[in-house]
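Peer 1: Numbering (this note's numbering), first residue to last: 240 to 342.
Built from N, CA and C at the ideal position, the CB exists for glycine as well.
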């Protein structure tokens with residue numbers, strides 16, 4: 240389907256070095272939509288952040304996802320659960336682990 244093709248292209252782009260910055264810009268656009276990106280897309284974005292050594296963008300992505308989940312309180316914990324192995328691998332802490340979710 241077109242949705243699967245778009246998702247695969249987004250993930251593949253996030254894995255190519257020359258598309259890291261462009262990919263993060265597209266992630267900002269995606270966050271602007273009224274949806275929560277699925278874990279594989281978020282994983283690709285977090286990997287791009289790590290390759291760029293841009294921890295701030297990684298944290299902003301997680302904060303934006305939590306904000307996008309809004310009243311659907313089960314979405315953010317699910318995403319963190321799915322992303323936890325990647326976050327651990329990349330050495331990225333969640334806003335909650337950093338204590339900045341209360342600010």
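Looking at residue 318 and residue 278, is the spacing between their C-beta atoms short of 8 Å?
Peer 2: yes
Peer 1: Inspect the CB distances between the region 283-292 and the region 324-338 and report whether three or more fall short of 8 Å.
Peer 2: yes
Peer 1: Express the C-alpha separation of residue 338 and residue 313 in angstroms, rounding to a whole number.
Peer 2: Distance between the alpha carbons of residue 313 and residue 338: 20 Å.
Peer 1: Since residue 334 contacts residue 301 with CB under 8 Å, what's their CB separation in whole angstroms?
Peer 2: Rounded, the Cβ-Cβ distance is 6 Å, consistent with contact.
Peer 1: Out of 336, 320, 281, state which residue places its alpha-carbon closest to the alpha-carbon of residue 296.
Peer 2: Of the candidates 336, 320, 281, the one whose C-alpha sits nearest the C-alpha of residue 296 is 281.
Peer 1: Would you decide whether residue 274 is buried or exposed? Buried here means 16 or more other CB atoms lie within 10 Å of its CB.
Peer 2: Residue environment analysis places residue 274 among the exposed positions, since fewer than 16 neighbouring C-beta atoms fall within 10 angstroms of its C-beta.
Peer 1: Is residue 331 helix, strand or coil by DSSP?
Peer 2: coil
Peer 1: Using a Cβ-Cβ cut-off of 6 Å (strictly less than) and excluding sequence neighbours within five positions of residue 340, which residues of its own chain qualify?
Peer 2: Correct list, in chain order: 334.
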